[in-house]
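Everything in the sequence shown is counted per the working numbering, starting at 3 for the first residue and increasing by one.
Every residue, glycine too, gets a C-beta built ideally from N, C-alpha and C.
One structure is given below, encoded as structure tokens.
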Amino acid sequence: MLGGREIIDRAIKLILGFTDIAKNLGLDSEDINGLTGLAGELVYNRSTSYSSSVRFHGLFKAKGKMLER
Numbered sequence: 003m004l005g006g007r008e009i010i011d012r013a014i015k016l017i018l019g020f021t022d023i024a025k026n027l028g029l030d031s032e033d034i035n036g037l038t039g040l041a042g043e044l045v046y047n048r049s050t051s052y053s054s055s056v057r058f059h060g061l062f063k064a065k066g067k068m069l070e071r
């Protein structure tokens, strides 16, 4: 179980990472949907690789077919 200090340290790292990523994506405080999506991504997607991240979001090619964007 995590102690209070450990929880605070992890939260600070997550918040700093969140604001860094948001700035790099060009999101500001008015971009509620973008910020909400980013927060969800950081909290729920525990994928450690690109391919598992792609599967998490359901982004994949249909067998034998190229999907258009």
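In this chain, the alpha helix (DSSP H) harbouring Glu8 covers 6-27. DSSP, reduced to helix, strand and coil, places Arg57 within a helical segment of the structure shown. Non-local beta-carbon contacts of Gly36 in its own chain, meaning distances under 6 Å to residues more than five positions away in sequence, involve Leu29 in chain order.
For Glu32, there is no enclosing alpha helix (DSSP H), since its DSSP letter is neither H nor E.
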